[in-house]
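Novice: Got a structure for you, written out below as structure tokens; questions coming shortly.
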Amino acid sequence: MASSPKDLHFVLFPLMQQGHMIPIIDIAIILAHRNATVTIITTPVNATRFRPAITRATEANLKIQVIELQLRLADVGLPEGCENFDMLPSSDLFGKMYAAMDMLEQPSENVLRRLTPPPSCIISDNQFPWTTDLASRLGIPRFVFHGPGCFTYVCLNIVMNTNILNEIESDSDYFTLPGIPDRIEMTKAQAGGWGKRETKQMEEFFERMETAADAANGIVVNSFEELEPEYVKLLEVAKGKKVWCIGPVSLRNRSFLDLADRGNKAGIDEHECSKWLDMKDPRSVILVCLGSMSSFCNEQMVELGLGLELSNVPFIWCIRSITDETHRWLSGYEERVKDRGLIVRGWAPQALILSHEAIGGFVTHCGWNSTLEGVSAGVPMVTYPQHADQFLNERFLVDVLKTGVSVGMDVPVAVGEQDKFGVMVRKESIKMAVERVMDDEGEGKARRERARELGEMAKRAMTEAGSSYLNTTLMIQDVIEELAKNTKQI
Ligand code: UDP
22 MASSPKDLHF VLFPLMQQGH MIPIIDIAII LAHRNATVTI ITTPVNATRF RPAITRATEA
82 NLKIQVIELQ LRLADVGLPE GCENFDMLPS SDLFGKMYAA MDMLEQPSEN VLRRLTPPPS
142 CIISDNQFPW TTDLASRLGI PRFVFHGPGC FTYVCLNIVM NTNILNEIES DSDYFTLPGI
202 PDRIEMTKAQ AGGWGKRETK QMEEFFERME TAADAANGIV VNSFEELEPE YVKLLEVAKG
262 KKVWCIGPVS LRNRSFLDLA DRGNKAGIDE HECSKWLDMK DPRSVILVCL GSMSSFCNEQ
322 MVELGLGLEL SNVPFIWCIR SITDETHRWL SGYEERVKDR GLIVRGWAPQ ALILSHEAIG
382 GFVTHCGWNS TLEGVSAGVP MVTYPQHADQ FLNERFLVDV LKTGVSVGMD VPVAVGEQDK
442 FGVMVRKESI KMAVERVMDD EGEGKARRER ARELGEMAKR AMTEAGSSYL NTTLMIQDVI
502 EELAKNTKQI
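Heads up: the sequence shown begins at 22 in the numbering used here, then just goes up one per residue.
Here's what the structure looks like:
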């Protein structure tokens, strides 16, 4: 019978999307550091993306492995190799990816039944609903991992599982979210962005996901209790199960390599990037990085660049996908701002940049990981949400933590829809928000101080005396107890 972490074998199923895969890899390595055996189930293209982190972990004698399964993409009408949500040109195709993911159930079961030592617990993204049944067939617990933090999870629970959105007619009128301690106002379009159920297929998928999450043994959240104590409790009550806040998991990355080589291969030499930052004053530079999924039309990219130029603040601007038009515009722009602006083309070493003392602010699209990474870095943020849960994360930063300044984006833009909308945020708004966040006087100073304190709290939570470390211990203990219960029942 299992009596300590070294007897346990965790099997992790990350969703094939950077914002879900990156924290799950961190969780895998955190668990392996507790002496557990860890297996990550993914597909070949995704395994390639995080192989360096796993290689470093195995070289450090951690018991961690990756098992690759093939998605049956041709069967759902997706091209071969298209194994990550960031490879899909538009959100209309997400349903096909979910259909391909569903077909992983039997191959996963075959793999799990052959694992040695046998699996003791599944931690899987909530977008793998079938893992609840699989865990139950194997007689082990399943913990569900849901991308965002507790505040957003609670709000999503309200908008998805009550009638509130149906009672509001207009997409653009602001309403107050009921049942939570903070006054949060949003539009129906902003609140309903996550879990859009526009087709019968998506409706059924989200229902299965909810049912499976309700039947799971616990919820693993990349957050820390001190950040959102009331919402941790509200989530536990709403879902009637234990919530394990074990983050910010990004803070497990401490070495230069772990920080620099996270997610994809960076589009800049990481040492060059650090050297550039070394030349700048502490807390003087703003990082602009808008996630792994958001896309902007050329006109909006130009407007963003002009806003940064107007602000006169030193910046690192990471541009994930560059069209020919943006590329041509950038050549003149880069020359104009060369004394204070660094452009990263492609993937940014975000965790490395945020860990540098020269960083004093962050323009973020409010994906949950970026939100929490900004909190962990102790910096105030300019909030520039695009879709999904990002408008809720924005409200958390602006209204609850009071470390965010909104850029004024108020209409969600889905993946692939950017050209339809054109410029939505003007350069003057960008300049103003950047200057407010970097301001060192009055309101700006107080905001910076609050952000700094939160950063300290985040770091403490991940130390051996901290709440997230303790929650990881308790979560491991819970698996041992669940397994003991199941053995008795047999
Ligand atoms: N990220 C990065 N470099 C990039 C873009 C993103 O390292 O150029 C990382 C970022 O640090 C975070 C994750 O990718 O850990 C993105 O997750 P998030 O939830 O913030 O947003 P998403 O990309 O899912 O919208």
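Where is the CB? At the ideal position from N, CA and C, for every residue including glycine.
Just so it is clear, the structure is predicted and the values come from calculations on it, not from any experiment.
From Arg481 to Asp345, what does the alpha carbon distance come to, in whole angstroms?
Specialist: As a position in the sequence shown, residue 481 is number 460, starting the count at 1. As a position in the sequence shown, residue 345 is number 324, starting the count at 1. The straight-line gap from Cα to Cα measures roughly 45 Å.
Novice: Return the bridge partner residues of Val403 from the DSSP annotation.
Specialist: Numbered from its first residue, the sequence shown carries residue 403 at position 382. Paired residues: Val384 and Val426.
Novice: Checking the sheet assignment: what are the DSSP bridge partners for Gly362?
Specialist: As a working mapping, residue 362 is identified with position 341 in the sequence shown. Beta-bridge pairing links Gly362 to Phe336.
Novice: Would you call the CB atoms of Ala234 and Asn147 closer than 7 Å?
Specialist: The sequence position of residue 234 within the sequence shown is 213, counting from 1. The sequence position of residue 147 within the sequence shown is 126, counting from 1. Cβ atoms of Ala234 and Asn147: closer than 7 Å.
Novice: What are the start and end residues of each continuous alpha helix (DSSP H) run of 4 or more residues lying completely inside the region 296–347, in chain order?
Specialist: Runs of the alpha helix (DSSP H) inside the region 296–347: 319–332.
Novice: For Leu308, which option in Ile45, Leu329, Ser315 and Asp290 has the closest C-alpha, if you only look at C-alpha atoms?
Specialist: The sequence position of residue 308 within the sequence shown is 287, counting from 1. Comparing Cα positions, the closest option is Leu329.
Novice: Would you mind sorting Ala486 into buried or exposed? The rule is 16 or more other CB atoms within 10 Å of its CB.
Specialist: Indexing the sequence shown from 1 puts residue 486 at position 465. Exposed: under 16 other Cβ atoms inside 10 Å.
Novice: Using a Cβ-Cβ cut-off of 6 Å (strictly less than) and excluding sequence neighbours within five positions of Met124, which residues of its own chain qualify?
Specialist: Your numbering for residue 124 matches position 103 in the sequence shown. Correct list, in chain order: Arg93.
Novice: For Leu495, count neighbouring Cβ atoms within 10 angstroms of its own Cβ and tell me buried if that reaches 16, exposed if not.
Specialist: In the sequence shown, the residue the question calls residue 495 occupies position 474. With fewer than 16 Cβ atoms within 10 Å of its Cβ, Leu495 is classed as exposed.
Novice: Taking three-plus beta-carbon pairs below 8 Å as touching, is the region 274–283 in contact with the region 246–253?
Specialist: No, the region 274–283 does not touch the region 246–253.
Novice: Mapping DSSP to helix, strand and coil, what is Trp215?
Specialist: By 1-based counting over the sequence shown, the position of residue 215 is 194. Residue state, collapsed to three classes: coil.
Novice: So His377 is in the beta strand (DSSP E); what residue range does that whole segment cover?
Specialist: Translated into the one-based positions of the sequence shown, residue 377 becomes position 356. Premise fails: His377 is in no beta strand (DSSP E) and is neither H nor E.
Novice: Cα-Cα, which of Asp410, Met483 and Tyr405 is closest to Asp452?
Specialist: Along the sequence shown, one-based indexing puts residue 452 at 431. As written in the sequence, residue 452 is Lys, which differs from the Asp given in the question. That would be Tyr405, whose Cα lies nearest to the Cα of Lys452.
Novice: With a CB to CB cut of under 8 Å and the five nearest residues on each side skipped, what residues in its chain are close to Leu186?
Specialist: In the sequence shown, residue 186 corresponds to position 165, counting from 1. Excluding positions up to five away in sequence, the list reads Val180, Lys209, Ala212 and Gly213.
Novice: Beta strand (DSSP E) containing Phe166: first to last residue?
Specialist: Numbered from 1 along the sequence shown, position 145 holds the residue referred to as residue 166. That run of the beta strand (DSSP E) goes Arg163 to Phe166.
Novice: Is DSSP giving Ser145 helix, strand or coil here?
Specialist: The residue given as residue 145 occupies position 124 in the sequence shown. Strand.
Novice: So for Lys117, helix, strand or coil by DSSP?
Specialist: Numbered from 1 along the sequence shown, position 96 holds the residue referred to as residue 117. Looking at Lys117 - three-state DSSP - the assignment turns out to be helix.
Novice: Pairs of beta-carbons, one from the region 302–321 and one from the region 434–444, closer than 8 Å: are there three or more?
Specialist: At 8 Å Cβ cutoff, the stretches touch.
Novice: Reducing DSSP to helix, strand and coil, say where Glu206 ends up.
Specialist: For the purposes of this step, residue 206 is taken as residue 185 along the sequence shown, with counting starting at 1. Reduced to three states, the DSSP call for Glu206 is strand.
Novice: Taking all protein chains shown into account, decide if Gly98 is buried (16 or more other Cβ within 10 angstroms of its Cβ) or exposed.
Specialist: In the sequence shown, counting from the first residue as 1, residue 98 sits at position 77. So Gly98 counts as exposed.
Novice: How many Å lie between Thr4 and Pro162 at the Cα?
Specialist: Only positions 22 to 511 of the chain appear in this structure, which leaves residue 4 out of reach.
Novice: Looking only at its chain, what residues have a beta carbon closer than 7 Å to the beta carbon of Val66, apart from the 5 residues adjacent to it on each side?
Specialist: Your numbering for residue 66 matches position 45 in the sequence shown. So the list reads Gly102, Glu104 and Asn105, once near-sequence residues are dropped.
Novice: Which value, in whole angstroms, describes the spacing of the CA atoms of Val165 and Ile143?
Specialist: Within the sequence shown, numbered from 1, the residue matching residue 165 stands at position 144. Within the sequence shown, numbered from 1, the residue matching residue 143 stands at position 122. Whole-angstrom Cα-Cα distance: 8 Å.
Novice: Should Cys339 be counted as a contact of ligand 1 given a C-beta to heavy atom distance under 6 Å?
Specialist: Position 318 of the sequence shown holds residue 339. Flag set: Cβ of Cys339 near ligand 1.
Novice: Please go through the region 425–505 and give each complete alpha helix (DSSP H) segment of 4 or more residues, from N-terminal end onward.
Specialist: The region 425–505 contains these whole alpha helix (DSSP H) runs: 439–442, 448–459 and 463–482.
Novice: So, under 8 Å CB-CB, Ala454 and Val426 are touching, yes? Tell me the CB distance rounded to an integer number of Å.
Specialist: Within the sequence shown, numbered from 1, the residue matching residue 454 stands at position 433. Within the sequence shown, numbered from 1, the residue matching residue 426 stands at position 405. Right, the Cβ-Cβ distance comes to about 5 Å (below 8 Å), so this counts as a contact.
Novice: Would you say the beta carbon of Asn147 is closer than 6 Å to some non-hydrogen atom of ligand 1?
Specialist: For the purposes of this step, residue 147 is identified with residue 126 of the sequence shown, where counting begins at 1. Asn147 Cβ: outside cutoff for every heavy atom of ligand 1.
Novice: Can you tell me where the alpha helix (DSSP H) holding Cys103 begins and where it ends?
Specialist: Along the sequence shown, read from residue 1 onward, the residue named residue 103 stands at position 82. Unbroken run through Cys103: none, as it is neither H nor E.
Novice: Does DSSP put Thr183 in a helix, in a strand, or in coil?
Specialist: As a working note, residue 183 is residue 162 in the sequence shown. Coil at Thr183, not helix or strand.
Novice: Going by Cα to Cα distance, which pick from Ser489, Val428, Glu456 and His30 is closest to Met445?
Specialist: For the purposes of this step, residue 445 is identified with residue 424 of the sequence shown, where counting begins at 1. When each option's Cα is compared against that of Met445, the closest is Val428.
Novice: Leaving out five residues before and five after Leu36 in sequence, what residues of the same chain have Cβ atoms less than 6 Å from its Cβ?
Specialist: Walking along the sequence shown from the start, residue 36 turns up at place 15. Asp146 and Gln148, listed in sequence order.
Novice: Taking a contact to mean a Cβ-Cβ separation below 7 Å, would you say Glu291 touches Pro370 in this structure?
Specialist: Position 270 of the sequence shown, counted from the start, is the residue given in the question as residue 291. Position 349 of the sequence shown, counted from the start, is the residue given in the question as residue 370. Yes.
Novice: Short of 8 Å in beta carbon distance, which residues of its chain neighbour Val419, apart from the five on each side in sequence? Order them along the chain.
Specialist: Mapped onto the sequence shown, residue 419 falls at position 398. Taken in chain order, the residues that qualify are Thr404, Gly425, Val426 and Ser427.
Novice: Could you please give the first and the last residue of the uninterrupted beta strand (DSSP E) stretch that includes Leu33?
Specialist: Looking up residue 33 in the sequence shown gives position 12. Start and end: His30 to Phe34.
Novice: Near Lys52, which residues of its chain fall below 7 Å by C-beta distance, leaving aside the five closest residues on each side in sequence?
Specialist: Against the sequence shown, residue 52 aligns to sequence position 31. Looking at the sequence itself, residue 52 is Leu, so the reference to Lys does not match. Only Phe31 and Val59 meet the Cβ criterion.
Novice: Put Glu249 into one of helix, strand or coil per three-state DSSP.
Specialist: As a first step, residue 249 must be located in the sequence shown, where it is residue number 228. DSSP places Glu249 in coil when its eight states are reduced to three.
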